[in-house]
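A.B. asks:
Have a look at this one:
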């Protein structure tokens, strides 16, 4: 069967159309448009909701919110106008709600007597300084101070530093098991340090000794009797 004379022409036409369709079209790309004279339009600002100047009376009945219908924005604005925060100057954090508000400066308080001269503190008494010495052990010959590993005897010199930084030289005058006498080398003041060398938790007793099991002495001392309770024969 011979092909129709128009068949080759039709095939060539279809091939040409397919070839043209595969090429990029300038009308379909952004490069084909002249956008030099176009200016992008600025987006219009969203309208701000109008807040009522004065809130509605507290007794106003707005009804259930499900009946607001299309006036949701007006319903919310009218309802929020009743909030007490709108009548307050500051927010819950104590900051002023008006950003342009400037708080007044607090008044300056002057001293009651600005012309009173300065009075230095009185010096510490020498007896109070000696009372601050802590002694661990003492006898009739020497004594040992807490934190020191050497004994001190009569006529020894001790250098002390006060909290103010002042240095003080003290001489040991006499030592016993119950008392130590000190002398300030500069001023000549003397002060005793009375000792109560008792273990921790013990205090010095007052009055006669009353030890369980020991009978008191003396002609008028009563005889301590502990009655003996006989064993009962009752069944």
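In the working numbering, the protein residues as written are 88 to 322. Ideal Cβ placement from N, Cα and C applies to all residues, glycine included.
Nearest CA to the CA of residue 251: which residue from 154, 194, 208?
C.D. replies: Residue 208 is the option with its Cα nearest to residue 251.
A.B. asks: Is DSSP giving residue 180 helix, strand or coil here?
C.D. replies: Correct three-state label for residue 180: coil.
A.B. asks: For a quick check, are the C-beta atoms of residue 222 and residue 282 less than 7 Å apart?
C.D. replies: Yes, these two residues count as a Cβ contact at 7 Å.
A.B. asks: Determine which residues share a DSSP beta bridge with residue 261 and list them.
C.D. replies: BP columns for residue 261 point to 268.
A.B. asks: Should residue 327 be labelled buried (16 or more other beta-carbon atoms within 10 Å of its own) or exposed?
C.D. replies: In this structure the chain extends from 88 to 322, so residue 327 is not present and cannot be described.
A.B. asks: Please report the distance separating the alpha-carbon of residue 271 from that of residue 211.
C.D. replies: About 13 Å.
A.B. asks: Examine the ligand HEM and report whether any of its heavy atoms sits within less than 6 Å of the Cβ of residue 163.
C.D. replies: Here there are no bound small molecules, and the ligand HEM is not part of this structure.
A.B. asks: Quick check on residue 180: buried or exposed, where buried means 16 or more other Cβ atoms within 10 Å of its Cβ?
C.D. replies: Exposed is the call here.
A.B. asks: With which residues is residue 244 paired in a DSSP beta bridge?
C.D. replies: Note: residue 244 sits in a beta bridge opposite 258.
A.B. asks: Look at the alpha carbon of residue 175 and the alpha carbon of residue 157, and state the distance between them as a whole number of angstroms.
C.D. replies: For residue 175 and residue 157, the distance between alpha carbons rounds to 31 Å.
A.B. asks: Are the beta-carbon atoms belonging to residue 257 and residue 245 less than 7 Å from one another?
C.D. replies: Result yes, Cβ atoms of residue 257 and residue 245 sit closer than 7 Å.
A.B. asks: According to DSSP, is residue 51 part of a helix, a strand, or is it coil?
C.D. replies: Beyond the ends of the chain as shown, which are 88 and 322, falls residue 51; an answer cannot be given.
A.B. asks: By how many angstroms is the C-alpha of residue 177 removed from the C-alpha of residue 183?
C.D. replies: Each residue's Cα considered, the two are about 4 Å apart.
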